[in-house]
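Working notes for the structure below.
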Amino acid sequence: MTQETEDPRLAAIFTSFAHVGAFLFGGGYAMLPLIEREVVNRRGWCRFEEMADYYAMAQLVPGVIAVNTAMLIGHRLRGFRGAAAAMLGVVCAPFFVILAYAVAVDRLAGMPFLERALAGLRPAVAGMMLGIAYTMFNRTRRTRLGLTVCLVTTALVLGAGVSAVAVILLGVTAGLVGYGVRKGLRGSVSDAENSGGQP
Amino acid sequence: MNLLLKLASVFFKIGLLTVGGGLAMIPIVQQEMVGRGWLTNRQFLDILGIAQMTPGPMSVNMATFVGYRVVGTEYPGAVWLAVAGSVVATLAVCAPSLLCINLLGAFWMRNREHPCLVSVFTFLRPLVTGLVIHAALLLGVNCLWADPVREWLSQSPDVRAGVLLVVAFLLTVLTRVSPVLVLLGGAIVGLLIF
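Chains as they are written, first to last, in this note's numbering: chain A, 11 to 209; chain B, 841 to 1034.
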C-alpha cells in the first residue's frame, strides 16, 4: 500500500519533525541535511529538489526558516493540520531543553561555576556574531545598492536609534517603490522576463 | 493574565516581522527584550549562547526562555504559570508563519520569482546585513564593559573577554569550525580563566 506517501498520518508528521527538531543545531542551513535524511530518504514525502524549493520559500514567509520549511512540507502533506503537526514536532525538543535550562538557571542563579562559564560564553557569542556580520558584509558590499542600503541601515539603527522593525518596513517600501519606478520606466510587459531571474 | 497576553502579542509581532530567519531576528528580538526590561543585554547574550548550543532556532529558544522567566519573575513560586508563559510565547512566535503559510502557501509558490517580490528582497537582504552589524557591535561592546555607556571612554575593556572575542571572531571568519564547538570552547575557557 502507498498510504504512507499518499496520506501520512498526523502522528507520523509530528514524530518525523520532532526528530529533525531534536538535532537542529545552529538553525538555517543546518536543517537541510536533516530534512533530506528524514523526509526525503526515510519517508519519501517529497523529492530533493522540492525540498530546496520549500527552503527558499521559507525565507520569504515571516518567521523562523526551519519552522517554516517544516510547516510548508506538513502543509503539502495534510493541509492546515499537517502544518500544525509539523510545527509542534519541530519545536517540541527545543522547547523542553530550554524549559529545563530556564528552570535550572533560576535554581542555580549565583552559582559561581555557571557565572564563570557564561563569562566565557558571552565574548564567544559576540565574536561569532561579529564574524557572521563580517562575512555577510563582504557578500553585501559587492553591489553598490547592497553597500548603500547596508551602511544606511547601520547608521539609522546605530546613530539615530531607529527601531529594526521600522527599518524593515522602510526597506519593503523602498523595494516596492523601486519596482514601481522600474516598471514605469520600462513598460510592464517585458519587465517580468528582464528582472525575474535576479538572485 | 494580562502578562500572558502581552507575551503572546510581543512574540507574535516578532514572528510576524522577522523575514529571513535566524540572524535577522536577533536585532529585533534584542530591541524588544531589552527595551521592555525583560532581559538585560548580558542575559540576552547568555541566552543567545545557550540557544546556539541547544537544538532549535534561536527565536523559538528565546521565546521559551523569556516566557518562563518573565512570568516566573512576576509570580514567584507559580511554576506552572511560568511554564504556561513559555508555552504561550513559543506558540505565539510560530503562529504568524502558520497563518501565512496557510493563507499564502500557494501564492508564494506561484509568485516567488515575480519582479516585485524580487525587488523587495534586493533591499531587504543588505538591510538585514546592516541590522546584524549593529547587533554584533552592541553585543561586542557589552561583553567588554559591564556598563558600556558610562565606561567605554573612561575604563579599559576586559582583556580576557577581548581575547576570547577576537579568537571566536577569527575562528568564525577563517575556519569552518562548528559554532557549537566555538561556544563550548568559550564556556570551558571561561570556567578556567574567570
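Note that the Cβ used here is the ideal one computed from N, Cα and C, for glycine as well.
Where TRP992 (chain B) falls, given that 16 or more other Cβ within 10 Å makes a residue buried: It counts as exposed.
Quick one, are the C-beta atoms of PRO966 (chain B) and THR150 (chain A) less than 7 Å apart? Going by C-beta atoms, PRO966 (chain B) is nearer than 7 Å to THR150 (chain A).
With 7 Å as the threshold, decide whether the Cβ of ASN148 (chain A) is near any Cβ in chain B. For ASN148 (chain A), the closest Cβ of chain B is not nearer than 7 Å.
Roughly how many whole angstroms lie between the Cα atoms of PRO895 (chain B) and LEU1021 (chain B)? It is roughly 14 Å from the alpha-carbon of PRO895 (chain B) to the alpha-carbon of LEU1021 (chain B).
Check whether the region 77-91 of chain A and the region 103-115 of chain A touch, using three or more Cβ-Cβ pairs below 8 Å as the test. Counting C-beta pairs with one atom in each stretch, the region 77-91 of chain A and the region 103-115 of chain A have fewer than three that are closer than 8 Å, which means they do not touch.
Could you give the distance in angstroms between the alpha-carbon of GLY889 (chain B) and the alpha-carbon of GLY137 (chain A)? So the alpha carbons of these two residues sit roughly 11 Å apart.
Does any CB atom of chain B fall closer than 7 Å to the CB of PHE24 (chain A)? Residue-level contact by beta carbon fails for PHE24 (chain A) and chain B, as no gap is shorter than 7 Å.
Same chain only: Cβ atoms within 7 Å of VAL869 (chain B), ignoring 5 sequence neighbours per side: ILE854, SER899, MET902, listed in sequence order.
Just to make sure I have the definition right: I need the residues of chain A whose C-beta is within less than 8 Å of the C-beta of ALA976 (chain B). Which are they? Ordered by position in chain A, the residues that pass the 8 Å Cβ test against ALA976 (chain B) are ALA136, MET139, LEU140, ILE142, ALA143.
Residue-chain proximity (VAL50 (chain A), chain B), Cβ-Cβ < 7 Å: The C-beta of VAL50 (chain A) comes no closer than 7 Å to any C-beta of chain B.
Closer than 7 Å to chain B by CB, MET97 (chain A): Chain B contact via Cβ: present.
Check whether the region 965-985 of chain B and the region 1002-1017 of chain B touch, using three or more Cβ-Cβ pairs below 8 Å as the test. The region 1002-1017 of chain B and the region 965-985 of chain B touch, with three or more beta-carbon pairs separated by less than 8 Å.
Terminal residues of the alpha helix (DSSP H) in which ALA184 (chain A) lies: Counting along the chain, the alpha helix (DSSP H) containing ALA184 (chain A) begins and ends at 174-196.
Expected contact under 8 Å - CB spacing of LEU964 (chain B) and GLY181 (chain A) to nearest Å: Taking the Cβ atoms as the reference, LEU964 (chain B) lies roughly 5 Å from GLY181 (chain A), within the contact range of under 8 Å.
Suppose only complete runs of 4+ residues qualify. What are the alpha helix (DSSP H) ranges in the region 915-1002 of chain B, listed by chain order? If we require 4 residues or more, the alpha helix (DSSP H) runs fully inside the region 915-1002 of chain B come out as 919-951, 955-984, 988-991.
So which of A:LEU140, A:VAL167, A:MET97, A:THR145 has the shortest CA-CA distance to PHE1009 (chain B)? Comparing Cα positions, the closest option is A:LEU140.
Taking ALA28 (chain A) as part of the alpha helix (DSSP H), name the residues at either end of that continuous run. ALA28 (chain A): member of the alpha helix (DSSP H) spanning 20-32, first to last residue.
How about CYS102 (chain A): is its C-beta nearer than 7 Å to some C-beta of chain B? No, no contact with chain B.
Which residues in the same chain as GLY206 (chain A) place their Cβ atom closer than 6 Å to its Cβ, once the five residues preceding and following it in sequence are excluded? Annotation note: pLDDT 41 at GLY206 (chain A) (below 50); position unreliable, no value reported.
With the cut-off set at 7 Å, would you say PHE905 (chain B) and ALA129 (chain A) are in Cβ contact? Not closer than 7 Å, so no.
Need the endpoints of the alpha helix (DSSP H) that VAL162 (chain A) sits in, please. From DSSP, the alpha helix (DSSP H) with VAL162 (chain A) extends over 154-169.
So what does DSSP say about SER1018 (chain B), is it helix, strand or coil? DSSP places SER1018 (chain B) outside both helix and strand once states are collapsed to three, so it counts as coil.
C-alpha gap between PRO916 (chain B) and PRO122 (chain A), whole angstroms: Cα-Cα distance, rounded: 23 Å.
For ALA211 (chain A), I'd like the list of residues in its chain whose CB is within less than 6 Å of its CB, leaving aside the five on either flank, ordered along the chain. With chain A represented from 11 up to 209, any question about residue 211 (chain A) goes unanswered, as that position is not in the structure.
Measuring alpha carbon to alpha carbon, tell me which residue in A:CYS160, A:ALA76, A:TYR65, A:GLY99 is nearest THR25 (chain A). Comparing alpha carbon positions, the residue from A:CYS160, A:ALA76, A:TYR65, A:GLY99 closest to THR25 (chain A) is A:GLY99.
Less than 7 Å between CB atoms is the rule here; does GLY130 (chain A) satisfy it with respect to chain B? GLY130 (chain A) counts as touching chain B.
Flag ASN901 (chain B) as yes if its beta-carbon sits less than 7 Å from any beta-carbon of chain A, otherwise no. Put simply, the CB of ASN901 (chain B) is near chain A, with a gap under 7 Å to one of its CB atoms.
Selection of the region 876-898 of chain B by Cβ proximity to chain A, strictly under 9 Å: Of all residues in the region 876-898 of chain B, ARG882, LEU885, ASP886, ILE887, LEU888, GLY889, ILE890, ALA891, GLN892, MET893, THR894, PRO895, GLY896, PRO897, MET898 have a Cβ within less than 9 Å of some Cβ in chain A.
Name the chain A residues whose beta carbon is nearer than 7 Å to that of GLN871 (chain B)? Neighbours of GLN871 (chain B) in chain A, taken as residues whose beta carbon is under 7 Å from its own, are SER173, ALA174 in chain order.
Beta-carbon contacts of PHE884 (chain B) that lie in its chain and below 7 Å, excluding the five residues immediately before and after: Contacts found: GLN870, MET873, VAL874.
Test: THR904 (chain B) CB closer than 7 Å to a CB of chain A: With 7 Å as the cut-off, THR904 (chain B) counts as an interface residue toward chain A.
Proximity of THR163 (chain A) and GLY970 (chain B) at Cβ, strictly below 7 Å: Pairing THR163 (chain A) with GLY970 (chain B) gives a Cβ-Cβ distance under 7 Å.
Please list, in chain order, all residues of the same chain as GLU914 (chain B) whose beta carbon is under 7 Å from its beta carbon, the five residues on each side excluded. A distance below 7 Å between beta-carbons, with the five flanking residues on each side excluded, links GLU914 (chain B) to the following residues of its chain, in chain order: LEU843.
Under a three-way DSSP split, which group does PRO122 (chain A) fall into? DSSP places PRO122 (chain A) in the helix class (H, G or I) of the three-state scheme.
Short check: CB of LEU1023 (chain B) to CB of ARG126 (chain A), under 7 Å? Taking a C-beta distance under 7 Å as the contact criterion, LEU1023 (chain B) and ARG126 (chain A) do not qualify as a contact pair.
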